[in-house]
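Chain order of the listed sequences is A and B.
Just so it is clear: in the first sequence, position 23 is 24 by this note's numbering, and no numbers are missing.
Just so it is clear: in the second sequence, position 263 is 485 by this note's numbering, and no numbers are missing.
By construction, the Cβ of each residue, glycine as well, lies at the ideal position given by its N, Cα and C atoms.
Note sheet for the following structure.
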Amino acid sequence: MTAPQIPLKKRVQAVALWLTTFVLMVIMCVPGLWVVLSAFRPNREILAKPPVWIPTELTLSNFGKIFGIGSEQVAIPVTSYFVNSMVIALTSTVIALIIGMAGGYAFARYRFRFKGGVFLGLMLFRAVPGIALSLPIFMMWSRLGLIDTKMGLIIIYVSLNVPFTIWLIDGFFRQIPMSLSEAAQVDGCTRWQAFWKIEFPLARSGIAAAGVFAFLTSWNEFALASQLTRSTDSKTLPVGLMDFTAQFTIDWAGMCAMAVIIIVPALIMTFLVQKHLIAGLTFGGVKG
Amino acid sequence: MAGITLSGVEKHYGAQRVVHGINLDIAHQEFVVLVGPSGCGKSTTLRMIAGLEEITGGEVRIGQTVVNDLPPRKRNISMVFQNYALYPHMDVRENLGFGLRIAGQPSAVVAERVAEAAAILGLTDLLDRTPAELSGGQRQRVAMGRAIVRHPDAFLFDEPLSNLDAKLRGQMRAEIKKLHQKVRTTIVYVTHDQVEAMTLADRIVVMKDGRIEQVGTPMEVFNNPVNTFVATFIGSPPMNLLPGTIRDSAVVLADNSAVPVPARLRGRAAEGQRVILGIRPDDISPAGHGLGTVAEATDLTLTVALAEPLGMESLIYTSVAGQEVQAKLYGPRIVQPGEVLPFRLALERAHLFDAETTRSLEV
């Protein structure tokens with residue numbers, strides 16, 4: 002038996018790489034794991050000192066409580082928050098996608114004056130942290146009566162997301178050779194038909210990815226929403242999370258259960274991105 | 223049933239003119255090749271015929287219809303693109319039938335026409351594959367199939383073979399020629415490769431800097447180039463050009479050696495006129511190793527600088543009057559660098575151009 006001789010240095014490097022990866026993964030994953038675990042544990046186990054690492058008792062009662070099912074109830078309208086979040090995130094995503102598709106296509110396909118400047122402007126706008134604009138937005142929104150409305154948040158999320166969706170979708174349209182649309186037009190399509198039958202299906206994965214990113218941005222946004230929402234009319238889930246902190250107590254179990262509810266759609270979306278980002282679809286249509 | 227007529231067709235991009243008033247009549251069923259170096263406006267001209275590029279000035283007719291303001295879909299043409307432009311998300315069958323489906327043809331008709339085109343191009347076994355699963359030559363054939371299914375008035379080819387390797391290019395060239403013989407549709411074909419132009423065309427249109435230099439059958443363009451550009455662009459290796467001055471019915475070259483003016487060109491050039499003598503490599507050969515018998519020739523003794531044996535023939539680099547000249551040796555004979563050989567220059571096929579205008583003195 003002669004095992005292949007791997008030099009010691011290489012083996013040490015490999016082990017070091019493994020260890021580093023492991024430590025980093027632990028740092029990244031443990032808080033998330035802790036949140037998920039806590040969502041399924043009774044409060045006394047969460048608060049136990051020393052901490053109970055391996056749960057001895059798992060329960061769904063935390064979820065029951067926040068949704069008002071069962072005997073114990075928490076006076077937090079999680080269902081409203083969930084509906085608000087969904088309505089705001091979906092609406093703003095759809096609008097951002099429509100604008101992003103139109104804009105991305107225009108930047109990828111047409112020449113027009115100040116194109117470079119406009120594009121740079123969009124990117125710079127993206128560089129401004131939303132919270133920096135919170136005061137002016139608050140003042141404008143209060144004059145316009147948009148405080149504590151879903152519409153108010155939708156407008157903000159659309160404007161936050163549009164530069165990004167335009168940028169991402171522009172990149173995908175750029176990858177599709179012009180000659181495909183031209184071939185379709187010679188084959189009898191109008192420009193509009195050529196877009197929907199050829200270019201749109203090919204950019205679909207990019208558009209889906211842009212949509213998922215836009216959805217996640219709106220879904221997770223906290224800073225602006227916390228300032229512009231007041232009540233169940235418009236409060237979103239991340240803002241609602243704060244309801245669990247009272248003056249003297251924090252309902253960790255309820256908070257963690259709600260965090261899981263926020264995380265699940267985000268996770269589903271992330272899996273969708275992963276699936277759709279396998280682009281490579283245009284390979285083979287052109288050249289050799 | 224349609225020819226294509228271009229009258230005074232121009233294309234400007236802002237202040238930049240890329241096509242300067244092209245006039246060209248393409249007959250029904252004719253195979254016309256636009257050839258020229260890159261940037262000569264040949265692709266732009268083709269795209270103007272297709273409707274993919276706006277026409278700045280002049281008029282394009284397909285059949286009797288002025289198509290200047292018609293979108294591509296209303297011109298009843300089809301086009302094969304340099305990168306094939308197959309729809310990657312459709313299989314071969316869908317690619318072929320796309321145009322017919324868009325036109326709203328019943329699916330039975332689509333299936334029948336797709337089958338017919340697939341049979342012509344040998345694609346029947348590939349109908350269920352996607353473009354990504356095809357080789358370069360197969361993609362090329364699908365692109366051609368997509369062009370023929372719709373039975374258009376004309377096919378436009380935009381450098382369709384430039385992405386293929388040399389061997390496949392030769393095969394596909396032959397297939398395109400066969401296709402034309404089968405379907406007899408008007409073809410406008412753009413290429414920068416003069417071999418493709420020579421082999422495929424009924425008529426060649428040589429272009430340069432957005433202008434037509436010469437239009438003619440391949441043999442006309444080869445035998446009677448109107449200027450030095452056409453002379454060197456068509457034919458491979460290119461024609462040798464030797465500057466000189468006319469003295470006593472001879473072209474006196476830079477080193478004062480004299481080559482007689484070919485008999486058919488006597489009187490075309492004035493005494494003392496500065497000219498360029500053009501001679502193809504095939505027409506300068508070591509004595510006894512030339513192209514058949516030559517009625518009118520002159521002899522030169524030249525030193526071989528380099529020889530490239532090609533089997534039955536060799537390409538010889540030598541120099542005349544201090545200028546590099548390529549010559550051909552026919553026959554399986556090895557030539558060594560430094561060898562001094564008697565060469566025969568076939569004057570009856572030599573050309574004279576004016577040195578100022580570069581135009582042929584024959585026309």
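Where residue i sits in the DSSP three-state scheme
i        : result
B:ILE556 : coil
A:ALA226 : helix
B:PRO531 : strand
B:ALA333 : helix
A:LYS50  : coil
B:ARG368 : helix
A:LYS202 : Note on identity: in this sequence residue 202 of chain A is Pro, with Lys being the wrong assignment. If DSSP states are grouped into helix, strand and coil, A:PRO202 belongs with the helices.
B:GLN360 : helix
A:ARG12  : helix
B:PRO508 : strand
A:LYS66  : helix
A:GLU183 : helix
A:LEU273 : helix
B:LYS233 : strand
A:GLN6   : coil
A:LEU171 : Rather than Leu, the amino acid found at residue 171 of chain A in this sequence is Asp. Helix.
A:SER39  : helix
Contact under 7 Å by Cβ, residue i with residue j
i        : j        : result
B:ILE468 : B:ALA453 : no
A:PHE64  : A:ALA258 : yes
B:PRO508 : B:GLN548 : no
A:SER81  : A:THR150 : no
B:LEU422 : B:LYS399 : yes
A:SER86  : A:LEU238 : yes
B:VAL585 : B:VAL448 : yes
A:SER135 : A:GLN228 : yes
B:TYR552 : B:GLU530 : no
B:PRO293 : B:GLY273 : yes
B:ARG425 : B:VAL254 : yes
B:ASP477 : B:ALA577 : no
B:GLU381 : B:THR413 : yes
B:PRO564 : B:ASP521 : yes
B:ALA517 : B:GLU570 : yes
B:GLY258 : B:MET441 : no
Residue i versus residue j: straight-line alpha-carbon distance, rounded
i        : j        : result
A:PRO164 : A:THR92  : 17 Å
B:ARG566 : B:ARG555 : 17 Å
B:LEU386 : B:GLY358 : 7 Å
A:LEU154 : A:ILE251 : 27 Å
A:ASP188 : A:LEU203 : 18 Å
B:HIS250 : B:GLN495 : 44 Å
A:ALA128 : A:ILE167 : 15 Å
B:VAL371 : B:TYR306 : 16 Å
A:THR57  : A:TRP19  : 31 Å
A:ALA76  : A:PRO266 : 23 Å
B:ILE409 : B:GLU252 : 6 Å
A:LEU25  : A:PRO32  : 12 Å
A:PHE126 : A:TRP197 : 30 Å
A:PHE173 : B:TYR309 : 16 Å
B:THR266 : B:MET301 : 14 Å
A:LEU34  : A:THR246 : 21 Å
Neighbourhood of residue i by C-beta, 7 Å cutoff - its chain only, sequence neighbours within 5 removed
i        : result
B:ARG323 : VAL332
Proximal residues to residue i (C-beta, below 8 Å), its chain only, five neighbours per side dropped
i        : result
A:VAL274 : ALA209, ALA210, VAL213, PHE214
B:GLY344 : ARG363
B:VAL288 : GLU281, VAL282
A:GLY131 : ILE157, LEU161, GLU222, ALA224, LEU225
B:ARG239 : GLU232, LYS233, GLY432
A:LEU217 : ALA267, MET270, THR271
B:ARG361 : TYR306, LEU308, PRO353
Sequence-distant residues of its chain with Cβ nearer than 6 Å to residue i (five each side left out)
i        : result
B:ALA480 : ALA472, VAL474
A:THR230 : ASP149, LYS236, VAL240
B:LEU246 : LEU228
A:LEU181 : ILE199
- Determine which residues of the stretch 295–327 of chain B have a Cβ less than 7 Å from any Cβ of chain A, and write them out in chain order. So the list reads ARG295, ILE299, SER300, MET301, PHE303, ASN305, TYR306, ALA307, LEU308, TYR309, PRO310, HIS311, PHE320, GLY321, ILE324, ALA325, given in the order they occur along the chain.
- Query: According to a CB-to-CB cut-off of less than 8 Å, which residues of the stretch 246–268 of chain A neighbour chain B?
  - Reply: Within the stretch 246–268 of chain A, no residue qualifies.
- Item | Interface positions of the stretch 267–288 of chain B facing chain A (Cβ-Cβ less than 7 Å), listed along the chain | If you check each beta-carbon in the stretch 267–288 of chain B against every beta-carbon of chain A, the ones closer than 7 Å belong to ALA272, LEU274.
- Members of the stretch 455–471 of chain B near chain A, C-beta cut-off 7 Å: Answer in chain order: no residues at all.
- Item | chain B contacts made by the stretch 170–186 of chain A, where a contact means CB separation under 8 Å | Of all residues in the stretch 170–186 of chain A, PRO178, SER180, LEU181, GLU183, ALA184, ALA185, GLN186 have a Cβ within less than 8 Å of some Cβ in chain B.
- Relative to chain B, which residues along the stretch 112–129 of chain A have a C-beta separation below 8 Å, given in chain order? Answer set for the stretch 112–129 of chain A: empty.
- Identify each residue in the stretch 127–156 of chain A for which the Cβ-Cβ distance to at least one residue of chain B is less than 9 Å, and report them in chain order. Using a CB distance below 9 Å, no part of the stretch 127–156 of chain A faces chain B.
- Using a Cβ cut-off of 7 Å, which residues of the stretch 478–510 of chain B contact any Cβ in chain A, in chain order? So nothing in the stretch comes that close.
- Task: Scan the stretch 196–212 of chain A for residues whose Cβ lies nearer than 7 Å to a Cβ of chain B and list them as they occur along the chain.
- Result: When CB distances to chain B are screened at a threshold of 7 Å, the residues of the stretch 196–212 of chain A falling below it are ILE199, PRO202, LEU203, in chain order.
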